[in-house]
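J.: Take a look at the following structure, please.
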Amino acid sequence: MSTYLVAFVISNFDHISETYRGVTQSIYSSPTSKDKGRSALKNVVLTVAALEDYFGVSYMLPKLDYVALKKNQGAAMENWGLITFRDDSLLSQDDADKHKTLKHKVMQNHEISHQWFGNLVSPEWWSYVWMNEGLATYFSYVITDLLHPEDNVMEIFNRDEAEHAYSYSSFFDVRPMTYYVETESEIMKVFDIISYKRAACVIKMFHHAFHQKTFVQGINRYLKTFQYSVVSEMDLFDSIQGAVLEDPRFQDQHWKHLVRHIMLSWTHSEWLPIVSIVRNYENNTITLRQRSIHSKTEHWWIPLNFATTQSPSFEQTHVEFFMPPVMEHTVTVEELRLQLAGRDWLIVNKQQTGFYHVLYDTDNLHAIARQLQSNHSVIHAMNRAALFQDLAPLIERNEFESVDVLFELFKYLEFEDDLTPWSQVANTIEFFDNNLYGTTAYSLFKQYVRRLVTPTFLRLFHKDKTEVVTMDILVRTDILHMACRVGMPECLDYTHRLVLEYVFKNINFESDYPDYYAIHDTILCMGVRQLSDEEFQKLIDLLIVTDPNTAMHDDLIYSLRCTRNHRRMHHYLNVLVGENFTYNLLNERESMFYLAYVFKSNVASRSSIWHFINQNYKQLARSPHFVTLFNDIAEFVPERQRPYFATLHRNIDAYLRAEHLSSKEPLIPVDSRRVGKKIRNSEEFLDKFEHQIHNWLLKELSPAGSDGTYAASFSVGNGSARPSSLLSAAGNIVRSAIGV
Numbered sequence: 001m002s003t004y005l006v007a008f009v010i011s012n013f014d015h016i017s018e019t020y021r022g023v024t025q026s027i028y029s030s031p032t033s034k035d036k037g038r039s040a041l042k043n044v045v046l047t048v049a050a051l052e053d054y055f056g057v058s059y060m061l062p063k064l065d066y067v068a069l070k071k072n073q074g075a076a077m078e079n080w081g082l083i084t085f086r087d088d089s090l091l092s093q094d095d096a097d098k099h100k101t102l103k104h105k106v107m108q109n110h111e112i113s114h115q116w117f118g119n120l121v122s123p124e125w126w127s128y129v130w131m132n133e134g135l136a137t138y139f140s141y142v143i144t145d146l147l148h149p150e151d152n153v154m155e156i157f158n159r160d161e162a163e164h165a166y167s168y169s170s171f172f173d174v175r176p177m178t179y180y181v182e183t184e185s186e187i188m189k190v191f192d193i194i195s196y197k198r199a200a201c202v203i204k205m206f207h208h209a210f211h212q213k214t215f216v217q218g219i220n221r222y223l224k225t226f227q228y229s230v231v232s233e234m235d236l237f238d239s240i241q242g243a244v245l246e247d248p249r250f251q252d253q254h255w256k257h258l259v260r261h262i263m264l265s266w267t268h269s270e271w272l273p274i275v276s277i278v279r280n281y282e283n284n285t286i287t288l289r290q291r292s293i294h295s296k297t298e299h300w301w302i303p304l305n306f307a308t309t310q311s312p313s314f315e316q317t318h319v320e321f322f323m324p325p326v327m328e329h330t331v332t333v334e335e336l337r338l339q340l341a342g343r344d345w346l347i348v349n350k351q352q353t354g355f356y357h358v359l360y361d362t363d364n365l366h367a368i369a370r371q372l373q374s375n376h377s378v379i380h381a382m383n384r385a386a387l388f389q390d391l392a393p394l395i396e397r398n399e400f401e402s403v404d405v406l407f408e409l410f411k412y413l414e415f416e417d418d419l420t421p422w423s424q425v426a427n428t429i430e431f432f433d434n435n436l437y438g439t440t441a442y443s444l445f446k447q448y449v450r451r452l453v454t455p456t457f458l459r460l461f462h463k464d465k466t467e468v469v470t471m472d473i474l475v476r477t478d479i480l481h482m483a484c485r486v487g488m489p490e491c492l493d494y495t496h497r498l499v500l501e502y503v504f505k506n507i508n509f510e511s512d513y514p515d516y517y518a519i520h521d522t523i524l525c526m527g528v529r530q531l532s533d534e535e536f537q538k539l540i541d542l543l544i545v546t547d548p549n550t551a552m553h554d555d556l557i558y559s560l561r562c563t564r565n566h567r568r569m570h571h572y573l574n575v576l577v578g579e580n581f582t583y584n585l586l587n588e589r590e591s592m593f594y595l596a597y598v599f600k601s602n603v604a605s606r607s608s609i610w611h612f613i614n615q616n617y618k619q620l621a622r623s624p625h626f627v628t629l630f631n632d633i634a635e636f637v638p639e640r641q642r643p644y645f646a647t648l649h650r651n652i653d654a655y656l657r658a659e660h661l662s663s664k665e666p667l668i669p670v671d672s673r674r675v676g677k678k679i680r681n682s683e684e685f686l687d688k689f690e691h692q693i694h695n696w697l698l699k700e701l702s703p704a705g706s707d708g709t710y711a712a713s714f715s716v717g718n719g720s721a722r723p724s725s726l727l728s729a730a731g732n733i734v735r736s737a738i739g740v
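With UniProt numbering, letter number 617 in the sequence shown gets 617, and the count goes up by one each step, no holes.
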C-alpha cells in the first residue's frame, strides 16, 4: 500500500451507513449534519456497485468511509477505504440545485474511482500521476453518466474538462503527460491540468477508438494482473494491447500490434495535433496533414473516423483509420471505404471523441454549410460545435481563407436549439464584434447576429423558473452577452429591468440561477448600457455613498464601466480618478490598474480614456502607477495614430521630467515594438476582410435576400458605398483627444 494513501481520522463525528455486497459504506460528519449525508450515501453505494460491474473487479476492502471535514487538503483525498472531503462537497446544502448536486456526485465518484486507479494498482513513480488522475477523472464521468443518463453528464465533461484541455497550452507550463519528477516541489506541480484534464481526454479518445468494450476489457486485465502492485505506463498499454488482439474486428488492421507506439505518441508529446483534411475532387483522394498547434516537431498516431453525406451516422466512434506519425499522408476514398461524391460533405472525428483539431478545405466547408442550412440535425451537435471550436484559432490569427464560408456556417444558427454549438460560437462572434466595431459594416453585422440569436434568446429567457434552474448557466451567459452586444431589444430591456430592480429595489435576480455569479456580471454590464441619463446619474450618486467594503459597491464600479456613451464614460472617469478624487472609491494602485481594465474590456471606452488622459495626465502622473497604465494601453495604438500618440507621449515625458516624478517602470519608448502590438491583429483583419464581410452582409441582408430591413439599418456614417475604416474613425478621435 502506497504510504500517501494511509489516513487516520479521530473525531466525535456521527455517521450513517449502508451495507451492500458485503461492503459497509458510511458518511461521517458532525452530529448536526448527519442527515445532510443521505444523498451522498445513496450515490456512493450505487457508484461502488457500478464500478465493480463495469470493470469486473470487486472493491477490495470490507468498508469504505467518507468523512466531511471543515478543512481538507484540496477538495477531497482518496485515502484507501477512508476518503476525506471538504464538507460542502459531501453534505447536501440544497437538493434543488441540480447542477451543483451533479458536480458533487462527479467529484465523489472521482475519489471512489481512485480505489481502483491508484489504490488497488499504483503507479511506480510520480512520473505517471496521469495514470491515477486521468483514469479517475474520465471514468468518474462515465460511471455518473451510466447512473444518471438523463443528466447529459458527458456534456459537463466536454465543458469542464475537455474545453480546458484544448486550451491548456495558452496558460500553463506545457509538458508531456509522462514526465520525470524527483523533488517534492516537482511532484506537486504535476498534479495539474495535464494529469487530470488532458489525460482524461486522451483516455476518452482511446476508449472510443479501440471500441469501448474492448478498452474496458483491457482495463479489467490491467487491474487483475497488477492488483496490489505497482506499474508503469507500459503495463497499462500492454493490457490494452492484449484486449485489442482478442477483438476480431481488428484482425485485418496493420496497427493491431502497435498499441504501445500509438499511445506513447500521446503520453510523450507536449502539445496536441491539428489535422488538416484536404480533398482532391478530381482524383478522389484525401491528403491528411498533421502538425502541432505550436509548430513543434511532434507527430502522433491519430485515430480517425468519418461521417459523410451518404453515410451520416455519428454513433460509431471507433477508429476507422490510424494516420501514421508523419507530416503528410495521402489515401484514396476507396482505401478509406467511403462513398463520397464531389459535392458531398465529409466530417472527421465523430462526436469529437478524438483529442485533436480538424480543419477542412473551403469546398468541404461550403458542403457542410449547405447541410447545416438544409437540416443541421443530420450532423451531430458535438461536431457542429467542433466546427467552430476548431476554426476559432484560425479566425483569431487571420489565417482563414474565406470569410464568406464562415458566415455561411453561421447562417444555420437561428435554427440551432442545442446549446453545445452556441458555447463554441460565442467567442468567435465576439471576435468579429470587437474587430468590426466602428466600421459601417458593424450595423449590418449586428443586424445579422440579432437574426441568428433571437430565437435562442427568447427560448432561454422566457421559460419558467424550474426550467431555468437546470439550464447550463455558462451558455446562457454567452447567449445573453451576445444578444445584448448586438442590440437585441428584448435582451436590453430584460437586463435594464433587472439592473434597476437589483440596485433600487434590492431584488436579487441571482436567486433565479444556479452558479449565479457566472451571469451576474453580464446582466449588470449589459443593463447599464440602457440606462437613461437620469438613471446613470443615480447610479453614480449611489456609488459615491456606498460602503466600499460591500458587494453593491463592487457591482456599481464594475457595471458603470460598461457604458458606451462617451459623455457618461467621461463623467464616470472623473468620479473615479478625476481632478478632485481622493482615492475614496479606489486606492491609488487600484485606480490605475482599473483604468487599464476598463480600456481593454470596453472597446467603446478607448477614445474616452485617451481623451481623459490627455486632459488629466498632469494630475494622473502623481500616481507612481500611471506610467504602467500608459505603457499598457500603448499596446493598443493603431499604426495610423502613431504621430498623435507621439505628441501625447512627448508631453507626458516632459512633465514627468520637469516635476521629477518617479514611477514603477520607465516610460515606454515612442518607437517601441510594444506600441500597437495588441491592435495589429485587428488592423490586419480589417485590411483583409472588412470589405468582404461588408459585401457578404450587404447581399445577405438586402431586401431581396432577407426581411427588407437593410435600408434602415445601413443608414449610418457618411453614406459612402465603401464602409469607413475603424482606423480612420479612431484617428479622428485620438487626434481630437490629444489636441492635434
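Glycine included, C-beta positions come from ideal geometry on N, C-alpha and C.
Source: prediction; values computed, not measured.
Determine the direct distance from the alpha carbon of Leu543 to that of His520, and round the result to whole angstroms.
T.: Your numbering for residue 520 matches position 520 in the sequence shown. Your numbering for residue 543 matches position 543 in the sequence shown. Roughly 18 Å separates the two Cα atoms.
J.: Taking a contact to mean a Cβ-Cβ separation below 8 Å, would you say Ile302 touches Ile274 in this structure?
T.: For the purposes of this step, residue 302 is identified with residue 302 of the sequence shown, where counting begins at 1. For the purposes of this step, residue 274 is identified with residue 274 of the sequence shown, where counting begins at 1. Result no, Cβ atoms of Ile302 and Ile274 do not sit closer than 8 Å.
J.: Rounded C-beta distance between Met327 and Arg289? I'm assuming under 8 Å.
T.: Mapped onto the sequence shown, residue 327 falls at position 327. Mapped onto the sequence shown, residue 289 falls at position 289. About 7 Å; that satisfies the 8 Å criterion.
J.: Counting along the chain, where does the alpha helix (DSSP H) carrying Glu700 start and finish?
T.: Residue 700 sits at position 700 when you count from the first residue of the sequence shown. From DSSP, the alpha helix (DSSP H) with Glu700 extends over Arg680 to Glu700.
J.: Can you have a look at Ser17 and say buried or exposed, based on whether 16 or more other CB atoms are within 10 angstroms of its CB?
T.: In the sequence shown, counting from the first residue as 1, residue 17 sits at position 17. Exposed.
J.: I need the DSSP call for residue 751, collapsed to helix, strand or coil.
T.: Examination of residue 751 is not possible in this model, given that the chain is present from 1 through 740 alone.
J.: Taking only the alpha-carbon atoms, compute the straight-line gap between Met552 and Thr495 and give it to the nearest angstrom.
T.: One-based indexing of the sequence shown puts residue 552 at position 552. One-based indexing of the sequence shown puts residue 495 at position 495. Rounded to the nearest angstrom, the two C-alpha atoms are 17 Å apart.
J.: Determine, using beta carbons only, whether Val403 and Phe689 come nearer to each other than 8 Å.
T.: Along the sequence shown, one-based indexing puts residue 403 at 403. Along the sequence shown, one-based indexing puts residue 689 at 689. If you check the CB distance, Val403 and Phe689 come in under 8 Å.
J.: Comparing alpha-carbon positions, which option in Met77, Glu408 and Phe206 lies nearest Phe191?
T.: Start at 1 with the first residue of the sequence shown, and residue 191 comes out as number 191. The option with the nearest alpha carbon to Phe191 is Met77.
J.: Which class does Leu726 belong to by DSSP, given the choice of helix, strand or coil?
T.: The sequence position of residue 726 within the sequence shown is 726, counting from 1. In this prediction, Leu726 has a pLDDT of 34, which is less than 50 and means its spatial position is unreliable; nothing more can be read from the coordinates.
J.: Here's the rule: buried if 16 or more other CB atoms are within 10 angstroms of the residue's CB, otherwise exposed. What is Thr709?
T.: Looking up residue 709 in the sequence shown gives position 709. Per-residue confidence for Thr709 stands at a pLDDT of 38, beneath the threshold of 50, marking its modelled position as unreliable; the derived number appears in the next sentence. With fewer than 16 Cβ atoms within 10 Å of its Cβ, Thr709 is classed as exposed.
J.: For Glu334, count the other beta carbons within 10 Å of its own beta carbon; 16 or more makes it buried, fewer makes it exposed. Which is it?
T.: The residue you call residue 334 lines up with position 334 of the sequence shown. Exposed, because fewer than 16 other Cβ atoms sit within 10 Å of the Cβ of Glu334.
J.: In terms of residues, what are the limits of the alpha helix (DSSP H) holding Thr628?
T.: To locate residue 628, count along the sequence shown from 1; it is residue 628. First-last of the alpha helix (DSSP H) with Thr628: Phe626 to Ile633.
J.: Do you know whose CA, among Thr522, Asp555 and Gln447, lies nearest residue 808's CA?
T.: Past the boundaries of the shown model lies residue 808; the chain is included only from 1 to 740, so the question cannot be answered.
J.: Where Ile286 and Met107 are concerned, what is the direct C-alpha to C-alpha distance, given to the nearest angstrom?
T.: In the sequence shown, the residue the question calls residue 286 occupies position 286. In the sequence shown, the residue the question calls residue 107 occupies position 107. Whole-angstrom Cα-Cα distance: 43 Å.
J.: Throw me the rounded Cβ distance for the Lys197 and Thr101 pair, which I believe falls under 8 Å.
T.: Residue 197 sits at position 197 when you count from the first residue of the sequence shown. Residue 101 sits at position 101 when you count from the first residue of the sequence shown. So it is not a contact: roughly 22 Å between Cβ atoms.
J.: Just how far apart, CA to CA, sit Lys677 and Lys224?
T.: Here residue 677 is taken as the residue at index 677 of the sequence shown, counted from 1. Here residue 224 is taken as the residue at index 224 of the sequence shown, counted from 1. About 57 Å.
J.: According to the neighbour-count rule (16 or more other Cβ atoms, all chains shown, within 10 Å of its Cβ), is Met205 buried or exposed?
T.: The residue labelled residue 205 in the question sits at position 205 within the sequence shown. Under this definition Met205 is a buried residue.
J.: Would you call the region 59 to 75 and the region 140 to 152 touching, i.e. three or more CB-CB distances under 8 Å?
T.: no
J.: Answer with buried or exposed for Arg450, where buried requires no fewer than 16 other C-beta atoms within 10 angstroms of its C-beta.
T.: In the sequence shown, counting from the first residue as 1, residue 450 sits at position 450. Per the 10 Å Cβ criterion, buried.
J.: Determine whether the beta carbon atoms of Ser92 and Ala75 lie at a separation below 8 Å.
T.: On the sequence shown, residue 92 is found 92 positions in, with the first residue counted as 1. On the sequence shown, residue 75 is found 75 positions in, with the first residue counted as 1. Taking 8 Å as the Cβ cut-off, Ser92 and Ala75 do not qualify as a contacting pair.
J.: Under DSSP, the beta strand (DSSP E) around residue 741 begins and ends at which residues?
T.: Since the first residue shown for the chain is 1 and the last is 740, residue 741 is missing from the structure and cannot be characterised.
J.: Tell me the DSSP bridge mates of Ile302?
T.: Within the sequence shown, the letter at position 302 stands for residue 302. Bridge partners of Ile302: Met323.
J.: Whose C-alpha, out of Glu270, Asn132 and Arg159, is nearest the C-alpha of Val174?
T.: Sequence index remark: in the sequence shown, residue 174 carries index 174 (1-based). Out of Glu270, Asn132 and Arg159, Glu270 has the C-alpha closest to the C-alpha of Val174.
J.: Helix, strand or coil for His329 per DSSP?
T.: The residue given as residue 329 occupies position 329 in the sequence shown. Correct three-state label for His329: strand.
J.: Quick check: is the beta carbon of Leu661 nearer than 8 Å to any beta carbon in chain E?
T.: No chain E is part of this structure, which consists of one protein chain only.
J.: Closest to Asp361 by CA distance: which of Thr317, Phe388, Asn280 and Leu498 is it?
T.: Position 361 of the sequence shown, counted from the start, is the residue given in the question as residue 361. Asp361 has its Cα closest to that of Asn280, out of Thr317, Phe388, Asn280 and Leu498.
J.: Could you check what DSSP says for Gly719 in three-state terms: helix, strand or coil?
T.: Counting from one through the sequence shown, the residue named residue 719 turns up at place 719. Only weak support exists for where Gly719 lies, its pLDDT of 31 falling under 50; the coordinates are left without a value.
J.: Going by DSSP in three states, Val425 sits in which element: helix, strand or coil?
T.: As a position in the sequence shown, residue 425 is number 425, starting the count at 1. DSSP places Val425 in helix when its eight states are reduced to three.
J.: Tell me where the alpha helix (DSSP H) around His104 begins and ends.
T.: Here residue 104 refers to the residue found at position 104 when the sequence shown is read from its first residue. Its alpha helix (DSSP H) spans residues Lys98 to Ser113.
J.: Rounded to whole angstroms, what's the CA-CA distance from Thr420 to Glu155? Just pull it up for me.
T.: As a position in the sequence shown, residue 420 is number 420, starting the count at 1. As a position in the sequence shown, residue 155 is number 155, starting the count at 1. Thr420 and Glu155: Cα-Cα distance of roughly 8 Å.
J.: Opposite Thr285 in the DSSP bridges: which residues?
T.: On the sequence shown, residue 285 is found 285 positions in, with the first residue counted as 1. For Thr285, which the question treats as bridged, DSSP gives the partners Asn280 and Thr332.
J.: Taking Cβ to Cβ, would you say Asp344 is nearer than 8 Å to Thr309?
T.: Mapped onto the sequence shown, residue 344 falls at position 344. Mapped onto the sequence shown, residue 309 falls at position 309. Closer than 8 Å, so yes.
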